[in-house]
Every structure is written in C-alpha cells, then in structure tokens.
Amino acid sequence: MKPLGIFGGTFDPIHYGHLRTAFELLQVLDLDELRFVPAGSPPHRDVPLAEAGLRLALVRAAIDGQPGFAVDDREVNRVGPSYTVATLTELRAEFPRRPLCLVVGMDAFLGLPKWHQWRDILQLAHVAVAHRPGWRTPTAGPLGELLQDRSTSRVPDLHDALAGRIFVHPVTQLEISSTDLRNIIVSGRDPRYLVPDAVRDIIRETGCYTSKTTR
Ligand code: ATP
Ligand code: MG
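Residue numbers (my numbering): 1 to 215.
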C-alpha cells in the first residue's frame with residue numbers, strides 16, 4: 001500500500017510554497033494521497049490571525065480539483081493543542097498497515113526536538129523533509145544523529161516500512177511565507193501570484209488579514 005502523506009501547518013494563509021512543495025513530494029514519493037492538516041491551536045507559536053475554520057476553507061479552496069490532494073480537519077475540530085503525535089496516533093489506528101509519511105519543511109524539522117513526544121513521531125510515521133531557502137540540514141545534535149540512523153534517499157524504503165525513515169528532498173525554492181503574506185495584505189498590497197486566486201478571493205471577501213475582528 002502506498003504511504004499516506006500528511007502535511008501539517010498553520011496555513012495562515014496557505015500559499016504556493018506549500019502547494020508546490022506538497023505537489024513535488026506527492027510525485028517524488030509516489031503517494032496517491034497527501035492530506036493537508038491545518039492546525040487548530042498550534043502549540044509552538046502565536047495564535048493564528050485567521051480563525052481555524054477560515055484557514056481550513058482557504059486550504060480547501062487552494063487544493064480544489066487536484067487529484068491526490070485532500071484536507072483533514074481533525075486538528076481544527078480537536079479541543080486543545082494540535083499535537084502532531086496525536087494526529088499520527090489516530091491515523092495509525094485508522095490505517096494499521098499503511099505507511100504514513102509526515103511532510104515538513106526544513107525549518108519545521110529543525111524544531112522537531114521541541115515537539116510534544118517527538119521521538120514517538122518516527123515510531124508512527126516516516127518524515128519527508130523539504131529543503132527551504134536559508135536552512136541547512138543538521139549534521140550534529142539529536143537531529144544529526146537521527147539523520148545518520150534513519151535517513152534514506154530510496155523512495156521504496158518509505159513504501160516498504162510503516163514508519164521510521166527520514167527522506168530529505170530539495171524542492172523548488174519558493175521564498176514565500178505566510179508571515180510575509182500577512183504583512184503584504186495588512187499593508188494594502190496585493191498577494192496575487194503568491195497564492196491561488198481562489199485563496200486571494202476569500203481573503204479579500206472576508207478581510208481576514210485586515211480586520212481585527214477575526215482573531
Ligand atoms: P509562517 O510564516 O506563519 O510561519 P509558513 O509560510 O512558514 O508560515 P507554516 O504554516 O508555518 O507556513 O508551514 C507549514 C509547513 O510548510 C512547515 O513544515 C513549513 O516548513 C513548510 N513551508 C512553509 N513555507 C514553505 C516554502 N516556501 N517552501 C517549502 N516549505 C514551506
Ligand atoms: Mg512557519
């Protein structure tokens with residue numbers, strides 16, 4: 001069975017850096033499904049600007065019509081912090097024999113040792129790391145050691161085992177971040193060509209990054 005891809009994030013808002021990364025990994029990892037999992041209450045950062053239901057709607061609009069892309073709303077509906085380990089535990093129970101593959105950018109991977117029960121994550125899933133501009137692959141420390149033990153450049157390794165391998169892959173470098181997008185929008189500039197038009201339309205209609213009432 002092909003691995004299930006899981007792409008978590010705050011997606012405040014989703015942008016082409018997320019979409020292109022997910023699309024390249026969908027193909028490279030030979031997945032038939034990659035799920036975007038917007039965080040309800042991300043544990044390691046400020047409260048998102050747009051509320052969870054709206055961030056979910058932006059993700060839905062962004063991936064509409066793309067075969068293999070799906071949205072999973074479990075973290076938005078969960079009460080309490082959006083721990084990835086809880087999401088993976090649930091997915092493992094739903095798919096006992098399907099490899100799971102968590103997709104993260106290199107910046108997120110570098111923060112992995114701060115995640116709740118982070119060592120359990122590799123018992124539950126593989127981790128596919130997308131290079132992001134400005135970040136280096138760790139060679140020392142707990143992540144350096146983990147990479148020495150677990151890394152593979154062979155896609156079949158991710159299909160043959162249920163969990164436990166790390167696959168680092170350079171994706172097309174798109175220097176887009178949600179932080180920059182929020183700043184662009186709040187200062188009255190247009191985010192066109194950084195986000196899908198459908199996402200831009202919802203952002204304009206709701207004023208979710210310009211009005212303070214949506215927090
Ligand atoms: P923020 O600026 O609010 O942190 P972000 O653009 O980093 O937003 P997140 O929702 O924090 O987006 O990221 C979700 C996941 O997508 C993370 O694993 C992150 O590393 C990855 N990611 C974000 N932007 C890019 C990009 N431009 N290229 C590749 N991966 C990205
Ligand atoms: Mg980020």
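Here a beta-carbon is modelled for each residue, glycine too, at the ideal position from N, C-alpha and C. Predicted model, so just to flag it, every value in this text is computed and none were measured.
- Counting only the Cα atoms, aspartate 32 lies some 17 Å from glutamate 94.
- Of the heavy atoms belonging to the ligand ATP, none sits nearer than 6 Å to the Cβ of alanine 61.
- The residue among Leu110, Leu162, Leu147, Gln148 with its C-alpha nearest the C-alpha of leucine 124 is Leu162.
- The three-state reading of DSSP puts alanine 130 in strand, counting E and B together.
- For glutamate 205 and valine 199, the gap between their C-alpha atoms comes out near 10 Å.
- By DSSP's assignment, isoleucine 121 forms no beta bridge with any residue.
- At a Cβ-Cβ threshold of 7 Å, arginine 132 and glycine 105 count as neighbours.
- Across the set Val76, Ala140, Glu75, Val85, the C-alpha of Val85 shows the shortest separation from the C-alpha of valine 127.
- Contact check for isoleucine 6 and valine 37: beta-carbon distance about 6 Å, within the 8 Å limit, so the pair qualifies.
- The C-alpha of glycine 40 is placed about 6 Å away from the C-alpha of serine 82.
- If the five residues before and after arginine 60 are omitted, its C-beta is found closer than 6 Å to the C-beta atoms of Val71, all from its own chain and listed in chain order.
- Set against 6 Å, the gap from the CB of valine 85 to the closest heavy atom of the ligand ATP is not smaller.
- Within the same chain, and ignoring the five residues on either side of arginine 92 in sequence, the residues whose Cβ sits closer than 7 Å to its Cβ are Leu100, Leu124.
- When the Cα atoms are used, proline 170 and glycine 188 turn out to be separated by approximately 33 Å.
- For the segment 22 to 62, the full-length beta strand (DSSP E) segments reaching 3 residues or more read 33 to 38 along the chain.
- Ranked by Cα distance from leucine 122, the first of Arg150, Trp135, Ala130, Gly17 is Arg150.
- Distance from the CA of glycine 65 to the CA of tryptophan 115, rounded to the nearest whole angstrom, comes to 33 Å.
- Burial state of glycine 141 is exposed, judged by a 10 Å Cβ sphere holding fewer than 16 other Cβ atoms.
- It is roughly 29 Å from the alpha-carbon of glutamine 148 to the alpha-carbon of proline 42.
- Here serine 178 is buried, its C-beta having at least 16 other C-beta atoms within 10 Å.
- Set against 6 Å, the gap from the CB of phenylalanine 11 to the closest heavy atom of the ligand ATP is smaller.
- Under DSSP, glycine 8 forms a beta bridge with Val37.
- Taking a contact as a CB-CB distance under 8 Å, the pair leucine 34 and phenylalanine 69 counts as one, their CB atoms being some 6 Å apart.
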